[in-house]
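Enquirer: One structure, as structure tokens, below. Some questions next.
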Amino acid sequence: MEYLLRDLRRTHYTSNVTEDVIDEEVTVMGWVHEIRDLGGIIFLLIRDIEGRIQVTAPSKKISAEILEDIRALRKESVVAVKGTVQSSSKAPNGVEILPSEITVLNMADQPLPMDPTEKVKAEIDTRLNSRFLDLRKTGVSAIFKIRNQMFKSVREYFADNNIIEINTPKLVASATEGGTELFPITYFEREAFLGQSPQLYKQMMMSAGFDKVYEIGQIFRAEEHDTLRHLNEAISIDMEASFMDDVDVKNILNDMMVKLITDINDKCSDELDILEYKLEVPQGRFPDIDYDEAVDLINARGVEMEYGEDLSREAEKVLGDEMDDFYFLSGWPTEIKPFYVMPYEDQPQKCHAFDLMYKNIELSSGATRIHQYDLLIEQMTKKDLSPESFDSYLKAFKYGMPPHAGWGLGADRLNMVLTGVENIRETVLFPRDRHRLTP
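Numbering (this note's numbering), first residue to last: 396 to 834.
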């Protein structure tokens, strides 16, 4: 057996081995998904990123040496198979490969820590402990193919609308929004923190005259959650735009979501079929419910909620049952929103903040931002924040900060909605929650 690639190269992915290449010689490379030895004939299923193909080795047509090589294989070993494509009504794809050469590129140890064929189900923690094997499963890889298209479509939307991509620091000297939910680190001779959000940097870019910006990057929250929808390291899709308010950026978010779902339905149909899940493309503008109205509705449904509180899990479920799939929750109390959110001029106890919800899950938070230096200082002081700690941020508001608004969208939660999975850890390659730091 040979364990080196040498001059051997793949000619086809499994999805390309079709009736169009009958009688042609092909080379496929991948993992041994299954072996069935019936004595006079051996069936070998090879799996790659595109799918699976059957390799059929009848003893009357295949050399004894190749049969011996196949029988020596172990499941999940990496192989290259060269052979001729032939029609077969009994093969999964209607075609099979009659092998002329089997090259073992890496033999897998046995027993496997988990079963990628899913004949034996594993709990989520077992799967995450052997994530490299878990990711070989068709349903799991489908989630990440959809995630890939999600980011591609988001970037296409931003590019088509002249929104500039930026990258901001993730090592910061102070909290973005105050509070204690921070991961401190040692930065040479001083203390620093992992960034909660690119918010302050996005706003500084408005002062810099970049007009419209976005960033896709990590955020870190030291929250001690044990839920199906929280992580301590997550990916956020953030955008900010000058000379716009919350209504304008809601429309941007609405339009981007419509494009995103349309693209995934068009370009990820195979993956959606595997997951047996598909969202309908939203039509028109998402419904909008005011916070005050939401509080009344929640209480009317028997869930106690006082004005000025954030939504409890039970309150979110009530709203999810009452509203359409996607909707905005707007007009939040100023007291429970960050210092940089613009209050209503005629009702300063309320502010121009909104959340985008999908049923009972919060996907995005956004707002019109305060662009006046004096009002920003006033709001910081009300929230017991020290302006001196935000000196470099505040400078940007002294020398020509335009009116602006923006939002942040949780990519991992969005991927939950797009794929129908219920646990956010399913949507991240190597999730980080309060209990998990490996692999």
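Even for Gly, the Cβ is constructed at its ideal location relative to N, Cα and C.
1) Report the option in THR581, TYR672, GLN481 whose CA atom is closest to the CA atom of ALA537.
2) Within a Cβ cutoff of 6 Å, which residues of the same chain sit near ARG696, ignoring the five residues on either side of it in sequence?
3) How far does the beta strand (DSSP E) with PHE749 in it reach, from first residue to last?
4) Within the continuous alpha helix (DSSP H) that includes TYR788, where are the two ends?
5) Beta-carbon separation of GLN363 and GLU635 under 9 Å?
6) In its own chain, which residues sit with a C-beta less than 8 Å from the C-beta of ARG405, not counting the 5 before and 5 after it?
7) Note down, in chain order, each residue of its chain lying with its Cβ closer than 6 Å to the Cβ of PRO677, except the 5 sequence neighbours on either side.
8) How would you write the range of the beta strand (DSSP E) that ASP363 sits in, first residue to last?
9) Check whether the Cβ atoms of LEU595 and TYR788 sit closer than 9 Å, and answer yes or no.
10) Which value, in whole angstroms, describes the spacing of the CA atoms of TYR609 and PRO593?
11) Quick test of your reading: SER548 and GLY795, contact by CB under 8 Å. State the CB separation rounded to the nearest angstrom.
12) Classify TYR812: buried if its beta carbon has 16 or more other beta carbons within 10 angstroms, exposed otherwise.
13) Measuring CB to CB, does ALA452 end up less than 9 Å from ILE436?
14) So with Cβ pairs under 9 Å, would you call LEU758 a contact of chain B?
15) Excluding the five sequence neighbours on either side, which residues of its own chain have a C-beta within less than 7 Å of the C-beta of VAL535, listed in chain order?
16) Among TRP727, ASP719, MET651, which one has its Cα closest to the Cα of GLU704?
17) Rounded to the nearest angstrom, what separates ASN810 and ASN562 at their Cα positions?
18) For the segment 640 to 713, list the alpha helix (DSSP H) runs that are entirely contained and at least 4 residues long, ordered along the chain.
19) Can you list, in chain order, the residues of its chain whose CB lies under 7 Å from that of ALA689, leaving out five sequence neighbours each side?
20) Grab me the residues of LEU545's own chain with a C-beta within less than 8 Å of its C-beta, minus the 5 sequence neighbours each way, in chain order.
21) Using DSSP's beta-bridge definition, name the partner residues of ALA475.
22) Hey, how far is the Cα of ILE417 from the Cα of ILE465?
23) Going by DSSP, what residues sit across from PHE588 in a beta bridge?
24) Please classify LEU758: does DSSP put it in a helix, a strand, or coil?
25) Count the C-beta pairs between the segment 407 to 414 and the segment 481 to 491 that are closer than 8 Å, then say yes if the count reaches three, no if not.
26) In terms of residue numbering, what span does the alpha helix (DSSP H) encompassing THR533 cover?
27) Which residues mark the beginning and the end of the beta strand (DSSP E) in which ALA806 is found?
28) On a Cα-Cα basis, can you pick out the residue from ARG708, ASP683, PRO682 that is closest to ILE693?
29) In chain order, what residues of the same chain lie with their CB nearer than 6 Å to the CB of ARG522, ignoring the 5 residues before and after it?
30) Nearest-angstrom Cα distance between PHE785 and SER631?
31) Going by the beta-carbon positions, is the gap between ASP641 and PHE749 smaller than 9 Å?
32) Could you please give me the residues that DSSP links to VAL608 through a beta bridge?
Expert: The structure says:
1) TYR672
2) VAL713
3) 748 to 753
4) 786 to 790
5) Because the chain is modelled from 396 through 834, residue 363 falls outside the range shown and cannot be assessed.
6) THR422, VAL423, MET424, ALA475
7) Here the set comprises VAL653, PHE721.
8) Outside the shown range of the chain (396 to 834) lies residue 363, about which nothing can therefore be said.
9) yes
10) 10 Å
11) In fact, because the Cβ distance is near 34 Å, the residues do not count as touching under 8 Å.
12) Correcting the residue identity first, residue 812 is Val in this sequence and not Tyr. Classification for VAL812: buried.
13) yes
14) The structure shown contains no chain B; it is built from a single protein chain.
15) ASP529
16) Ranked by Cα distance from GLU704, the options TRP727, ASP719, MET651 are led by TRP727.
17) 22 Å
18) Listed in chain order, the complete alpha helix (DSSP H) runs (minimum 4 residues) inside the segment 640 to 713 are 641 to 662, 664 to 670, 686 to 695.
19) LEU714, LEU724
20) First, the residue type needs correcting, since residue 545 is Met and not Leu in the sequence shown. If we look at MET545 and ignore the five residues flanking it on each side, its Cβ neighbours are LEU655, ILE659, ALA806, LEU809, ASN810, LEU813.
21) Per DSSP, MET424, THR498.
22) 23 Å
23) The bridge partners DSSP lists for PHE588 are VAL567, PRO579.
24) In the structure shown, LEU758 sits in a strand (DSSP, three-state: E or B).
25) yes
26) 533 to 555
27) No beta strand (DSSP E) contains ALA806, which is instead part of the alpha helix (DSSP H) from 806 to 814.
28) ARG708
29) Here the set comprises ASP529.
30) 22 Å
31) Taking a C-beta distance under 9 Å as the contact criterion, ASP641 and PHE749 qualify as a contact pair.
32) ILE559, GLU635
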